[in-house]
Amino acid sequence: MPNLAGILTETAARAPGNTALQLDDTVISYQVLNAMSAKVAGLLRARGVQRGDRVALMMPNIPPMASVYYGVLRYGAVVVPMNPLLKAREAAYTLQDSGASLLFAFELMLPEAAAGAEKAGGVDVIPVNADSFRQLLADTEADDTVAEVDGEDIAVVLYTSGTTGRPKGAALTHNNLRSNAEVARDLLGITETDVIFGGLPFFHVFGQTAALNAAVLAGAAISLLPRFDAGRALEIIERDGVTLFEGVPTMYIGMLRHPDVATRNITSLREAITGGAAMPLEVLREFEEVFGAELLEGYGLSETSPIVSFNVPGGERRPGSIGKPVYGMEVRMLDDAGHDVPIGEIGELSVRGLGVMKEYWNNPEATAAAIPDGWFRTGDLARFDEAGNIYIVDRKKDMILRGGYNVYPREVEEVLYEHPAVAEAAVVGVSDELNGEEVAAVIGLKSGSLPGGDAAREALAADILAFAKDRLAAYKYPRRIIFTDELPKGPTGKILKREIQIQPVQGAQPVQGAQPVQGVQPVQPTASEAQADPLGA
1164 MPNLAGILTE TAARAPGNTA LQLDDTVISY QVLNAMSAKV AGLLRARGVQ RGDRVALMMP
1224 NIPPMASVYY GVLRYGAVVV PMNPLLKARE AAYTLQDSGA SLLFAFELML PEAAAGAEKA
1284 GGVDVIPVNA DSFRQLLADT EADDTVAEVD GEDIAVVLYT SGTTGRPKGA ALTHNNLRSN
1344 AEVARDLLGI TETDVIFGGL PFFHVFGQTA ALNAAVLAGA AISLLPRFDA GRALEIIERD
1404 GVTLFEGVPT MYIGMLRHPD VATRNITSLR EAITGGAAMP LEVLREFEEV FGAELLEGYG
1464 LSETSPIVSF NVPGGERRPG SIGKPVYGME VRMLDDAGHD VPIGEIGELS VRGLGVMKEY
1524 WNNPEATAAA IPDGWFRTGD LARFDEAGNI YIVDRKKDMI LRGGYNVYPR EVEEVLYEHP
1584 AVAEAAVVGV SDELNGEEVA AVIGLKSGSL PGGDAAREAL AADILAFAKD RLAAYKYPRR
1644 IIFTDELPKG PTGKILKREI QIQPVQGAQP VQGAQPVQGV QPVQPTASEA QADPLGA
């Protein structure tokens, strides 16, 4: 069955009583999840949604997220997952660009979601909460059919920020997502007896493919955690007998540093995987020693569904390597002219294969630039070793990887420029012990805007921070505001980010002044901001 929703209907027929989702005391079988998705499909029909229409989801990892996801797919519509932490202006852009006709929004995110839907031209919003949503589905006639689609039809449009500051929608097909879920299932040996930790957000391609779709394909259980907390994660491992933990490096660091790690029974774990950001080698070693489970690192992007390469369980691992290409994916290292570079030399990691997106939604220019010759240019600089292992060396783009999430400086800079005191701004990534990279903003102020005295400058920095925080998702806004008399520029007046040097800080300590950036005013992260949190708060 080409329709990705078929993985749910097939598993529900094969193992109806198996646990599909668990959220604390709430346990949902595959039979029930399948029935809920049919109700969602019936709801779409009743609302006049057409096959091929885009339907947006703005929810954390809760059972309705999965039922709506598969309900939209089985109806033949296209899923547009949205980070539930988006602000109204960000949500409005995604809704407008995708042309979404309907938005399912969790009740806690409803104010920003509704405001964004209004800005987008009055997109219809369906609130999702415990009681009224359940009643809404109960009152809806189910649509038990699974729409016939072509495997190359678009199933999901995932928005990923771009260097221009305007997010692009990676259009992933039913074949893209199914093939990558099969890769995850087969690589990790996932079976019906497995319990997968469900803390990776399903709106993100990593959690959507490697956790949700791979588990449903195999008939495994997913134990959900809507918002990551290291103590709760350890509790879930012990309580539910989690066998496979999937996370980003900040999650592993958070659990290793949590006082409960020494007292929880974590012996059920047989495997753990990580991606989204580079895993520090010492953290990997410490995790394997403490948890007694192999921790495997891979690489992928939204545009590749996501898995491109992976370290094989039980196989040889090279320190710093992201493994070898997975089944159905080819990798080359190319120079600027599109020619292969010799083994051991650095080129742009370029990908072709089953998981590579069909296109950027409604953006043929960006599609042509990213896939000029059938090979998707990732923007990452890497090299092969003689055994075919891949090593990421640097990023060609300015993207910042904060806690496993992509932050593109241009998008943040555009918000900062709206502040009345800001004359110029450069957003850069700074090495950070907890999140891998932290978002820092170096700001030149308008004439007369810099007040005298430390307290007054700190107050201005706090005001700019609050301004950005109100307009950007929690993982995007800068945690460090740095004032400077003048940003370094080239002959044409372009800001030279490569000449901006900011010293990293340890933990949540504020940065002190560092040359050549002058007049540094640190912004201390709050206690909650210093926590390891994949949602970016």
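So the number in my numbering is just where the residue sits in the sequence shown, counting from 1, plus 1163.
Note that the Cβ used here is the ideal one computed from N, Cα and C, for glycine as well.
Secondary structure of residue i, DSSP reduced to three states
i       : result
Gly1516 : strand
Val1471 : strand
Ala1636 : coil
Phe1630 : helix
Val1569 : According to the sequence as given, residue 1569 is Asn; it is not Val. If DSSP states are grouped into helix, strand and coil, Asn1569 belongs with the strands.
Tyr1233 : helix
Leu1335 : strand
Asp1306 : coil
Val1674 : Below a pLDDT of 50, predicted positions are generally treated as unreliable, and Val1674, at 34, falls in that range; the measurement from the model is reported next regardless. Coil.
Asn1181 : coil
Lys1487 : strand
Glu1574 : helix
Val1243 : strand
Ser1610 : coil
Leu1544 : strand
Leu1459 : strand
Ala1383 : coil
Ser1594 : strand
Met1492 : strand
Thr1354 : coil
Gly1285 : coil
Phe1539 : strand
Test item: CB-CB of residue i and residue j under 8 Å
i       : j       : result
Arg1433 : Ile1400 : no
Val1590 : Pro1572 : yes
Val1715 : Gly1234 : Residue 1715 is absent from the model: the chain starts at 1164 and stops at 1700.
Phe1450 : Gly1461 : no
Leu1249 : Ala1283 : no
Ile1665 : Ala1588 : no
Pro1165 : Gly1314 : yes
Ala1545 : Leu1512 : yes
Val1504 : Phe1539 : no
Val1536 : Gly1507 : Correcting the residue identity first, residue 1536 is Asp in this sequence and not Val. For Asp1536 and Gly1507, no; Cβs fall outside 8 Å.
Ala1584 : Ser1610 : no
Given residue i as reference, the closest of the options once Cα atoms are compared
i       : options                               : result
Gly1567 : Phe1454, Ile1416 and Leu1512          : Ile1416
Gly1463 : Gly1486, Ile1509 and Ala1283          : Gly1486
Gly1205 : Thr1413, Thr1308 and Arg1217          : Thr1308
Phe1646 : Gln1666, Ile1606, Ile1663 and Tyr1640 : Ile1606
Val1212 : Gly1180, Tyr1193 and Ser1264          : Ser1264
Asn1526 : Phe1360, Val1320 and Ala1268          : Val1320
Met1492 : Val1585, Gly1516 and Val1475          : Gly1516
Outcome for residue i when other beta-carbon atoms lying within 10 angstroms are tallied against a minimum of 16
i       : result
Lys1331 : buried
Pro1244 : buried
Tyr1640 : buried
Thr1406 : buried
Lys1521 : buried
Ala1255 : buried
Tyr1193 : buried
Tyr1322 : buried
Arg1448 : exposed
Tyr1523 : buried
Ala1175 : buried
Gln1675 : For Gln1675, the pLDDT reaches just 32, beneath the cut-off of 50, and the residue's location in the model is therefore unreliable, leaving the point undetermined.
Ser1594 : exposed
Asp1403 : buried
Thr1354 : exposed
His1337 : buried
Leu1444 : exposed
Val1556 : exposed
Pro1200 : It is worth fixing the name first, because residue 1200 is Ser in this sequence and not Pro. Classification of Ser1200: buried, given that the 10 Å Cβ count is 16 or more.
Pro1667 : exposed
Thr1541 : buried
First through last residue of the alpha helix (DSSP H) which encompasses residue i
i       : result
Met1418 : Pro1412 to Arg1420
Val1664 : Position check: residue 1664 holds Gln in this sequence, whereas Val was assumed. Neither: Gln1664 is in no alpha helix (DSSP H) and is coded neither H nor E.
Pro1527 : Pro1527 to Ala1533
Ile1399 : Ala1393 to Asp1403
Tyr1580 : Here Tyr1580 belongs to no alpha helix (DSSP H), and DSSP marks it neither H nor E.
Val1203 : Tyr1193 to Ala1209
For residue i, the first and last residue of its enclosing beta strand (DSSP E)
i       : result
Ile1170 : Run containing Ile1170: none in the beta strand (DSSP E); it sits in the alpha helix (DSSP H), Gly1169 to Arg1177.
Glu1445 : Unbroken run through Glu1445 is the alpha helix (DSSP H), Leu1444 to Phe1454; no beta strand (DSSP E).
Gly1361 : Val1358 to Gly1361
Ala1219 : Arg1217 to Met1221
Tyr1322 : Ile1317 to Thr1323
Thr1437 : Glu1434 to Thr1437
Ser1261 : Ser1261 -> not in any beta strand (DSSP E); alpha helix (DSSP H) instead, spanning Ala1251 to Ser1261.
Leu1120 : Residue 1120 lies beyond the range of the chain shown here (1164 to 1700); nothing can be said about it.
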